[in-house]
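K.L.:
Residue numbers (our numbering): 426 to 848.
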Ligand code: SF4
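Structure below.
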């Protein structure tokens, strides 16, 4: 449910969102028990809860390309996995079926692109090198190369291919690998008497508030910049990974089993997802020691959260705790994000930066059309283009950037190949 259609504010949508030209194509997913409790509690506190936008089809739907999607059955499988019901929108399910019918389209599965091949001048791509499942290497010639892998992999390919100057954190020069940022999360587990049915969910089924995101609130007394959203997601009920247990529960044995039986159907969590500010000492580069299966240097990530991230996250967590208490629970667990950063517990996959877009080649990898400053027939698309990690999940913006770049390629670049921005 959109909150701002052509300037008209909708009471059940997000009142803080920007003006959009039309509503979402489908109504929101059905609310879970937890979502309804969250909504009521947040409204009582004067906040503005709204259904999180989801790529799960709440109704049968035929998209503008004619691809039919089924209605979501709330099986809760798709937070991390594919959907067998064709109810989860992604490029594979909504665009690929149309491309497969085109005579001029072909694709290779099970292959790894390992390099963009440049000509002798180093300013023009000739194609890409890739390996198939048997390790055989091929060169695919190309007039135009578009890197649209995961954020980190795009940066890895740029570094391996020698496109753009690698970032050096000591001299603060170079651009490829610069502006890496993550997302900072926390949660408040909520234990209630009501039945939660956690296994009835969908990958993006949730209710959120945006009252503490971006500039939606007064930062004056707080001592940090940025913010994030607070939400209650009902994404599924994987019993090992997605259970919640009260504090002081034994970690194994009969006591643990008893607590699991008592709480699995009576628990949920209010989570926070906050922005992270890019810092000079957070970056991606080629690892000097470790190599991948092809003998290429692996990508190395150097990162820790910074003071602003923790201060902002503590603030968001206190607001999430307020909502959790207003849900009238029998108990809660407040799980703040504590230093130092560790890559081991899953937090999010929302990595950004490394190939930032901008208007100055000294501080960005691609121009505003996501075209490489250094090799104009290479475009780079993904969350790697973000100079900072905002208080939202990146997917929507990545999709918008993909359309933006595709439009520039079709309407500008193909008519006159070359740099689309002069400096
Ligand atoms: S919950 Fe996810 S996997 Fe299950 S039907 Fe809905 S979209 Fe598909």
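Where a beta carbon is used, it is the ideal one built from N, C-alpha and C, also for glycine. Note that this is a predicted model, so its numbers are computed, not measured.
Could you check if residue 622 belongs to the surroundings of the ligand SF4, using beta carbon to heavy atom distance under 7 Å?
P.N.:
Residue 622 sits at position 197 when you count from the first residue of the chain shown. No, the beta carbon of residue 622 sits no closer than 7 Å to any heavy atom of the ligand SF4.
K.L.:
Would the beta-carbon of residue 453 fall within 8 Å of that of residue 615?
P.N.:
Your numbering for residue 453 matches position 28 in the chain shown. Your numbering for residue 615 matches position 190 in the chain shown. Going by C-beta atoms, residue 453 is not nearer than 8 Å to residue 615.
K.L.:
Should residue 627 be counted as a contact of the ligand SF4 given a C-beta to heavy atom distance under 7 Å?
P.N.:
Residue 627 sits at position 202 when you count from the first residue of the chain shown. Because some heavy atom of the ligand SF4 lies under 7 Å away, the Cβ of residue 627 counts as near it: yes.
K.L.:
Can we say the segment 781-793 touches the segment 560-578, given the rule of at least three CB pairs closer than 8 Å?
P.N.:
No: the two stretches stay apart, fewer than three of their Cβ pairs being nearer than 8 Å.
K.L.:
Can we count residue 508 as close to the ligand SF4, meaning its CB is less than 7 Å from some heavy atom?
P.N.:
For the purposes of this step, residue 508 is identified with residue 83 of the chain shown, where counting begins at 1. Yes, the ligand SF4 has a heavy atom inside 7 Å of this Cβ.
K.L.:
Can you tell which of 777, 498, 460, 508 has the C-alpha that lies nearest to the C-alpha of residue 813?
P.N.:
Numbered from its first residue, the chain shown carries residue 813 at position 388. Considering only alpha carbons, the answer is 777.
K.L.:
For residue 546, which of 434, 508, 801, 827 has the nearest alpha-carbon?
P.N.:
Here residue 546 refers to the residue found at position 121 when the chain shown is read from its first residue. When each option's Cα is compared against that of residue 546, the closest is 801.
K.L.:
What three-state label does DSSP hand residue 490 in the structure shown?
P.N.:
Taking the chain shown and counting its residues from 1, the one referred to as residue 490 is at position 65. If DSSP states are grouped into helix, strand and coil, residue 490 belongs with coil.
K.L.:
Quick check on the burial criterion: 16 or more other C-beta atoms within 10 angstroms. Buried or exposed for residue 798?
P.N.:
Position 373 of the chain shown, counted from the start, is the residue given in the question as residue 798. Burial call: buried.
K.L.:
I'd like the span of the beta strand (DSSP E) that includes residue 517, first residue to last.
P.N.:
On the chain shown, residue 517 is found 92 positions in, with the first residue counted as 1. Where residue 517 is concerned, there is no enclosing beta strand (DSSP E), although the alpha helix (DSSP H) it sits in stretches over 516-519.
K.L.:
Which full runs of the beta strand (DSSP E) of 3+ residues lie inside the segment 661-701, going along the chain?
P.N.:
Correct list: 692-699.
K.L.:
Could you check where the alpha helix (DSSP H) with residue 739 kicks off and where it finishes?
P.N.:
On the chain shown, position 314 is the one that residue 739 refers to. Unbroken alpha helix (DSSP H) run through residue 739: 732-751.
K.L.:
Is the distance from the Cβ of residue 591 to the Cβ of residue 601 below 8 Å?
P.N.:
Residue mapping note: residue 591 aligns to position 166 of the chain shown, counting from 1. Residue mapping note: residue 601 aligns to position 176 of the chain shown, counting from 1. Yes. Within cutoff.
K.L.:
Give the DSSP-derived three-state secondary structure of residue 593 in the structure shown.
P.N.:
Position 168 of the chain shown, counted from the first residue, corresponds to residue 593. Residue 593: strand per DSSP, three-state reduction.
K.L.:
Note down the Cα distance separating residue 469 from residue 511, rounded to an integer number of angstroms.
P.N.:
Counting from one through the chain shown, the residue named residue 469 turns up at place 44. Counting from one through the chain shown, the residue named residue 511 turns up at place 86. About 37 Å.
K.L.:
Output the distance between the C-alpha atoms of residue 727 and residue 487, rounded to the nearest integer angstrom.
P.N.:
By one-based count along the chain shown, residue 727 stands at place 302. By one-based count along the chain shown, residue 487 stands at place 62. Roughly 44 Å between the two C-alpha positions.
K.L.:
Any idea if residue 450 is buried or exposed, counting beta-carbon neighbours within 10 angstroms, 16 or more meaning buried?
P.N.:
Within the chain shown, the letter at position 25 stands for residue 450. That one is exposed.
K.L.:
Under 8 Å, do residue 391 and residue 628 count as touching if we go by C-beta distance?
P.N.:
Since the first and last residues shown for the chain are 426 and 848, residue 391 lies out of range.
K.L.:
Mind reading off the beta-carbon distance from residue 701 to residue 607? Whole number of angstroms is fine, and I expect it under 8 Å.
P.N.:
Residue mapping note: residue 701 aligns to position 276 of the chain shown, counting from 1. Residue mapping note: residue 607 aligns to position 182 of the chain shown, counting from 1. Indeed, because the Cβ distance is near 5 Å, the residues count as touching under 8 Å.
K.L.:
Quick one: does the C-beta of residue 497 sit closer than 7 Å to a heavy atom of the ligand SF4?
P.N.:
Within the chain shown, the letter at position 72 stands for residue 497. True, at least one ligand heavy atom lies under 7 Å from that Cβ.
K.L.:
Any heavy atom of the ligand SF4 closer than 7 Å to the CB of residue 502?
P.N.:
Looking up residue 502 in the chain shown gives position 77. Under cutoff, so the answer is yes.
K.L.:
Note down, in chain order, each residue of its chain lying with its Cβ closer than 6 Å to the Cβ of residue 434, except the 5 sequence neighbours on either side.
P.N.:
Taking the first residue of the chain shown as position 1, residue 434 is located at position 9. These residues qualify, in order along the chain: 440.
K.L.:
Could you work out which residue in 672, 765, 634 is closest to residue 658 when comparing CA atoms only?
P.N.:
Translated into the one-based positions of the chain shown, residue 658 becomes position 233. Closest option to residue 658, Cα to Cα, is 634.
K.L.:
Would you say residue 483 touches the ligand SF4, meaning its beta carbon is less than 7 Å from a heavy atom?
P.N.:
As a first step, residue 483 is located in the chain shown; it is residue number 58 there, counting from the start. For the ligand SF4, not one heavy atom lies less than 7 Å from the Cβ of residue 483.
K.L.:
Assuming residue 580 and residue 780 make a contact with CB atoms under 8 Å, what is their CB distance in whole Å?
P.N.:
Here residue 580 refers to the residue found at position 155 of the chain shown. Here residue 780 refers to the residue found at position 355 of the chain shown. With 8 Å as the limit, residue 580 and residue 780 qualify as a contact, their Cβ atoms being about 5 Å apart.
K.L.:
Please go through the same chain and pick out, in chain order, the residues whose beta-carbon is closer than 7 Å to the beta-carbon of residue 849, but skip the five residues on each side of it.
P.N.:
This structure cannot settle anything about residue 849, because the visible part of the chain is limited to 426 through 848.
K.L.:
What are the partner residues of residue 571, as DSSP defines its beta bridges?
P.N.:
Position 146 of the chain shown, counting from 1, holds the residue named residue 571. Note: residue 571 sits in a beta bridge opposite 804.
K.L.:
Shorter than 7 Å, the distance from the beta carbon of residue 512 to the closest heavy atom of the ligand SF4, or not?
P.N.:
For the purposes of this step, residue 512 is taken as residue 87 along the chain shown, with counting starting at 1. Yes, since a heavy atom of the ligand SF4 falls inside the 7 Å radius drawn around the Cβ of residue 512.
K.L.:
Could you compute how far the alpha carbon of residue 428 sits from the alpha carbon of residue 480?
P.N.:
Here residue 428 corresponds to residue number 3 of the chain shown, with the count starting at 1. Here residue 480 corresponds to residue number 55 of the chain shown, with the count starting at 1. Cα to Cα, the separation comes out at about 17 Å.
K.L.:
Do you know whose CA, among 525, 524, 523, 499, lies nearest residue 513's CA?
P.N.:
For the purposes of this step, residue 513 is identified with residue 88 of the chain shown, where counting begins at 1. Minimum Cα distance to residue 513 is reached at 499.
K.L.:
Whose C-alpha, out of 584, 613, 609, is nearest the C-alpha of residue 599?
P.N.:
Translated into positions along the chain shown, residue 599 becomes position 174. Here the closest residue by C-alpha is 584.
K.L.:
On the premise that residue 613 lies in contact with residue 582, defined as a C-beta separation below 8 Å, what is that separation, rounded to the nearest angstrom?
P.N.:
One-based indexing of the chain shown puts residue 582 at position 157. One-based indexing of the chain shown puts residue 613 at position 188. The pair is not a contact, with the Cβ atoms about 40 Å apart (cut-off 8 Å).
K.L.:
With H, G and I counted as helix, E and B as strand and the rest as coil, what does DSSP make of residue 522?
P.N.:
As a working note, residue 522 is residue 97 in the chain shown. Residue state, collapsed to three classes: helix.
K.L.:
Please name the residue in 758, 725, 771 whose C-alpha comes closest to that of residue 666.
P.N.:
Here residue 666 corresponds to residue number 241 of the chain shown, with the count starting at 1. Selected option, being the one with the closest Cα: 771.
K.L.:
Alpha carbon to alpha carbon, how far is residue 653 from residue 475?
P.N.:
Counted from its first residue, the chain shown places residue 653 at position 228. Counted from its first residue, the chain shown places residue 475 at position 50. Roughly 15 Å between the two C-alpha positions.
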